[in-house]
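For reference, the structure is listed below as structure tokens.
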Amino acid sequence: MEQDKIKDLYNYDEQYRDTIATVDEKGKRVWIYPKKPKGRYHNKRIVVSIVLLAILFAGPFIKIGGEPFLLLNIFERKFSILGAVFWPQDFFILALMAISFFVFIILFTVVFGRVWCGWACPQTLFMEMVFRKIEYWIDGDTGQQRKLKKMPWNAEKIRKRLLKHSIFALIAILIGHTVMAYLIGIEQVKEIVSQPPSENLAGFIGLIAFSAIFYGVFAFLREQACVAICPYGRLQGVLLVKDSMAVMYDWLRGEPRGRMKRNEDRNSKGDCIDCKLCVHVCPTGIDIRNGTQLECVNCTACIDACDDVMTKIGKPTGLIRPTSYSAIAEGRKKLFTPRVAGYTGVLVVLMTLLTIFVLGRSDVEATVLRMPGMMYQKVEGGMIQNIYNIQFLNKTAEDIQLDVSLIGVDGTIESVGEGATILPAKSKVDRVFIIKLPEADLTETKTKIELELRSGEQIIDNITTNFLGPVKF
Numbered sequence: 002m003e004q005d006k007i008k009d010l011y012n013y014d015e016q017y018r019d020t021i022a023t024v025d026e027k028g029k030r031v032w033i034y035p036k037k038p039k040g041r042y043h044n045k046r047i048v049v050s051i052v053l054l055a056i057l058f059a060g061p062f063i064k065i066g067g068e069p070f071l072l073l074n075i076f077e078r079k080f081s082i083l084g085a086v087f088w089p090q091d092f093f094i095l096a097l098m099a100i101s102f103f104v105f106i107i108l109f110t111v112v113f114g115r116v117w118c119g120w121a122c123p124q125t126l127f128m129e130m131v132f133r134k135i136e137y138w139i140d141g142d143t144g145q146q147r148k149l150k151k152m153p154w155n156a157e158k159i160r161k162r163l164l165k166h167s168i169f170a171l172i173a174i175l176i177g178h179t180v181m182a183y184l185i186g187i188e189q190v191k192e193i194v195s196q197p198p199s200e201n202l203a204g205f206i207g208l209i210a211f212s213a214i215f216y217g218v219f220a221f222l223r224e225q226a227c228v229a230i231c232p233y234g235r236l237q238g239v240l241l242v243k244d245s246m247a248v249m250y251d252w253l254r255g256e257p258r259g260r261m262k263r264n265e266d267r268n269s270k271g272d273c274i275d276c277k278l279c280v281h282v283c284p285t286g287i288d289i290r291n292g293t294q295l296e297c298v299n300c301t302a303c304i305d306a307c308d309d310v311m312t313k314i315g316k317p318t319g320l321i322r323p324t325s326y327s328a329i330a331e332g333r334k335k336l337f338t339p340r341v342a343g344y345t346g347v348l349v350v351l352m353t354l355l356t357i358f359v360l361g362r363s364d365v366e367a368t369v370l371r372m373p374g375m376m377y378q379k380v381e382g383g384m385i386q387n388i389y390n391i392q393f394l395n396k397t398a399e400d401i402q403l404d405v406s407l408i409g410v411d412g413t414i415e416s417v418g419e420g421a422t423i424l425p426a427k428s429k430v431d432r433v434f435i436i437k438l439p440e441a442d443l444t445e446t447k448t449k450i451e452l453e454l455r456s457g458e459q460i461i462d463n464i465t466t467n468f469l470g471p472v473k474f
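The sequence shown begins at 2 in our numbering and counts up one residue at a time.
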């Protein structure tokens, strides 16, 4: 009997959709007016959203060791993650971080489905917990919104539209400035805001562009960003498996569905009374009873709506619940599958390598290059000299005085034009050095030499380079 129900439910030869829920067969946008959600899951989402949004807006102001909590300055090629500063020279560490992050996303999705989309994604948090709440407050619930849409442009409609979109624009400006702060730093954003646009035209245009984009996304694009644009959402069909957690309808218990009638014997029917409240409350317009679908972001609004109905008709809650296909169809609840084990193993290896590289990263790095276009020179005293450009990178938040010396050879090294090599905090310094070695000690055209970087008694780094000399016959 149970297998027949499964077969009947998933036999969609005649019902198969070749369009998404928010676009009809002709390609025209279907505007969604979801019913205002309420219930225990929604209350938990409110708490989670408040915490995450507070962290998001506070992030640019949080500093660890004098560095931003998170800074992704692609313009100056400077990145700060949890107070640790990374430069282009740390590209391999950033690449390893990115790979580890994507493997984690895959592992997380395989096990827990799209819980990120419904509960933590900034797009969903702002759309459902900020902009949609404002819309309910001004325009009302589903029926009132539809009525307002059809209403002619009278004083009431103009007032509500102007008020709503003014608030939307203000919030979009706030979001745009916050995102900009994560890219260039809160100090530069303050500077752009406090100065006339002509003083920092590029920054001003950037803020306007970000604000306009976010206004367009949350006022008009809305759920289409999740359904049609977000690459993570499009990858769900590849990442989800039968054991993945998702918001699912228990078809074994709910089918065959049917309207509840007075004094009806429902022994031959399932618990679903076909009230369609799970559809009306869905922010992407799907019917969760049709199984896992592209548009579902696991927001759990349908669970609250269904549980409320089940309580009213005296049935157990959980007809729609977070579970997996295997848990419903076969009664299995095993999450740690071989696929999950494989992803976990790869993630552990990547995290181990990442930890080793981060802990072993030097605070000061130097790149040595011979002066382009110049050969060696013979100078008095039987010495051969080469001129080098050395670029120093100080990754710390403190100034460092460096001493550069030769190791293992009899020669001299001196800085051109300046005295001590001072590296300001978080900066690059280019210096020119002249290295002289006795011609008698040079047995090859290219001789490997080693330079030692020292700050006081501490050895910062050792670097090697080639020293050119006369051809030996």
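Positions of the beta carbon are idealized from the N, C-alpha and C atoms, including for glycine. If you're wondering where the values come from, they're calculated on a predicted model, not measured in any experiment.
Asked: Cβ contact check for the segment 398-410 and the segment 347-361: 3 or more pairs under 8 Å; Found: no
Asked: For residue 85, the residue or residues it bridges with in DSSP; Found: 82
Asked: Rounded separation between residue 422 and residue 75 - CA only; Found: 28 Å
Asked: Residue 476 and residue 128 closer than 8 Å at C-beta; Found: Missing from the structure shown is residue 476; the chain here goes from 2 to 474 and no further.
Asked: Integer Cβ distance of residue 323 from residue 187, believed to fall under 8 Å; Found: Not quite, the Cβ-Cβ distance comes to about 38 Å (not below 8 Å), so this is no contact.
Asked: From 260, 470 and 108, residue whose alpha carbon lies closest to that of residue 348; Found: 108
Asked: Closest residue to residue 298 among 319, 264 and 235 (Cα-Cα distance); Found: 235
Asked: Inter-residue spacing [alpha-carbon to alpha-carbon] between residue 296 and residue 121; Found: 16 Å
Asked: Cα-Cα separation, residue 111 to residue 105; Found: 10 Å
Asked: Endpoints, beta strand (DSSP E) assigned at residue 448; Found: 447-456
Asked: Nearest-angstrom Cβ-Cβ length linking residue 389 and residue 470, presumed shorter than 8 Å; Found: Rounded, the Cβ-Cβ distance is 14 Å, inconsistent with contact.
Asked: Nearest to residue 149 (by Cα), restricted to the options 313, 183 and 34; Found: 34
Asked: Spatial distance of residue 344 from residue 206 (CA atoms); Found: 43 Å
Asked: One or two residues paired with residue 366 in a DSSP bridge; Found: 394
Asked: Residue 95 versus residue 381: straight-line alpha-carbon distance, rounded; Found: 48 Å
Asked: 7 Å CB neighbourhood of residue 39 in its chain, flanking five on each side removed; Found: 305
Asked: Exposure of residue 2, with buried meaning 16 or more beta-carbon neighbours within 10 Å; Found: Legend: pLDDT at residue 2 = 44, less than 50; position of this residue unreliable, value from coordinates given subsequently. By the 10 Å Cβ count, residue 2 comes out exposed.
Asked: Buried/exposed call for residue 271, threshold 16 Cβ in 10 Å; Found: buried
Asked: Close-in-space but distant-in-sequence residues of the same chain around residue 161 (CB under 7 Å, 5 per side omitted); Found: 139, 140 and 149
Asked: With 16 other Cβ atoms within 10 Å as the buried cut-off, status of residue 79; Found: buried
Asked: Delimiting residues of the beta strand (DSSP E) encompassing residue 402; Found: 401-408
Asked: Pair within 8 Å by beta-carbon distance, residue 195 and residue 245; Found: no
Asked: Whether residue 118 touches residue 283 by CB criterion (8 Å); Found: no
Asked: Inter-residue Cα distance where the pair is residue 252 and residue 131; Found: 33 Å
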